[in-house]
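A short write-up of the structure that comes next.
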Amino acid sequence: MSLAGKHIIVSAGGNREPIDPVRYIGNRSSGKMGFALADAAKDRGMKVTLVTTITPPDPAKYDEIKFVETVAEMREAVLSSCELADILIMAAAVADYTVANPAPNKIKKKGDKLILELVQTKDFLLEVPDTVFKAGFAAETEDLLNNAHKKLVEKRLAFICANDVSAPDAGFAVDTNRITILFKDGRKNELPLMSKREVAEKILDCVEEMTADD
Ligand code: CTP
Numbered sequence: 253m254s255l256a257g258k259h260i261i262v263s264a265g266g267n268r269e270p271i272d273p274v275r276y277i278g279n280r281s282s283g284k285m286g287f288a289l290a291d292a293a294k295d296r297g298m299k300v301t302l303v304t305t306i307t308p309p310d311p312a313k314y315d316e317i318k319f320v321e322t323v324a325e326m327r328e329a330v331l332s333s334c335e336l337a338d339i340l341i342m343a344a345a346v347a348d349y350t351v352a353n354p355a356p357n358k359i360k361k362k363g364d365k366l367i368l369e370l371v372q373t374k375d376f377l378l379e380v381p382d383t384v385f386k387a388g389f390a391a392e393t394e395d396l397l398n399n400a401h402k403k404l405v406e407k408r409l410a411f412i413c414a415n416d417v418s419a420p421d422a423g424f425a426v427d428t429n430r431i432t433i434l435f436k437d438g439r440k441n442e443l444p445l446m447s448k449r450e451v452a453e454k455i456l457d458c459v460e461e462m463t464a465d466d
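Just so we're aligned: 448 in the working numbering is position 196 of the sequence shown, and the numbers increase by one with no gaps anywhere.
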């Protein structure tokens with residue numbers, strides 16, 4: 253069955269966790285994989301909510317766009333959007349740690365060292381109701397398939413896109429990607445290097461196939 257008319261939430265970009273009003277801790281995600289997914293979903297006639305930390309090239313093309321910075325804001329935006337959604341694809345590089353006590357004013361330079369206390373963020377994928385079809389990404393630099401498989405199981409996903417982000421032509425900030433899709437039933441689909449748009453189409457083909465009986 254076609255995905256037209258289904259409501260998909262796509263998250264994109266990396267979180268910015270404030271240190272003080274002018275500085276943050278971030279990561280190298282460019283949002284491109286999430287934007288490619290949101291574009292491909294739009295072209296299939298889906299209703300698209302994009303939750304993003306980065307402004308996409310054409311923000312007006314989506315049905316809804318929610319700009320966020322921190323994990324806490326992304327969690328809130330994703331969870332509230334999921335209440336009425338059919339599908340969630342978490343392409344965002346969610347920060348694992350946030351600053352315990354961000355300073356209310358700009359921290360002035362003093363002393364040789366500045367020690368920041370970081371606290372672990374919440375894995376909000378686990379809070380998304382199981383009525384939503386969920387897929388995610390595993391960005392890894394070592395032991396790709398084992399690490400991705402652990403996340404597939406722990407996060408109760410329908411499938412996970414294992415992504416070796418140490419390769420120069422895959423992962424962050426480039427227009428191409430190479431992923432292996434691991435499915436919850438044990439199947440595995442190793443895709444060659446392709447454009448992020450082509451990867452997005454393959455991912456949506458998997459969603460379409462797995463939601464065919466719904
Ligand atoms: N994710 C999430 N909430 C978090 C952390 C991650 O929803 N707090 C999602 C990501 O968007 C991605 C998947 O979970 O789809 C895996 O994220 P990843 O950062 O690779 O895994 P972690 O569980 O954070 O493990 P680690 O960073 O230790 O590898």
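No residue lacks a Cβ here, since even glycine has one placed at the ideal position from N, Cα and C. Only a predicted model underlies this, so the values are computations on that prediction, with no experimental measurement involved.
Alpha helix (DSSP H) runs contained entirely in the segment 259 to 300, provided each spans 4 or more residues
Within the segment 259 to 300, the runs of alpha helix (DSSP H) at least 4 residues long that lie entirely inside it are, in chain order, 284 to 295.
Given a cut-off of 8 Å on the beta-carbon distance, is the pair A414 and E392 in contact?
Result yes, Cβ atoms of A414 and E392 sit closer than 8 Å.
Can we say the segment 377 to 384 touches the segment 438 to 455, given the rule of at least three CB pairs closer than 8 Å?
Flag = no, the segment 377 to 384 and the segment 438 to 455 do not touch.
At the level of alpha carbons, what is the spacing between K284 and A425?
A straight line joining the alpha-carbon of K284 with that of A425 spans about 7 Å.
Could you say which of V459, F319 and A344 lies nearest to A231 if we only look at CA atoms?
What the structure shows of the chain is the stretch from 253 to 466, and residue 231 is not part of that stretch, so it cannot be assessed.
My assumption, with CB atoms under 8 Å, is that A329 sits in contact with V323. Please give the rounded CB distance.
With a Cβ gap of about 11 Å, A329 and V323 do not count as contacting.
Answer yes or no: do G468 and T305 have a C-beta to C-beta separation smaller than 8 Å?
Beyond the ends of the chain as shown, which are 253 and 466, falls residue 468; an answer cannot be given.
Rounded to whole angstroms, what is the Cα-Cα separation between G286 and G423?
A straight line joining the alpha-carbon of G286 with that of G423 spans about 12 Å.
Enclosing beta strand (DSSP E) for I341 [first to last residue]
Here the beta strand (DSSP E) through I341 covers I339 to M342.
Examine ligand 1 and report whether any of its heavy atoms sits within less than 7 Å of the Cβ of G423.
For G423, the shortest C-beta to heavy atom distance toward ligand 1 is 7 Å or greater.
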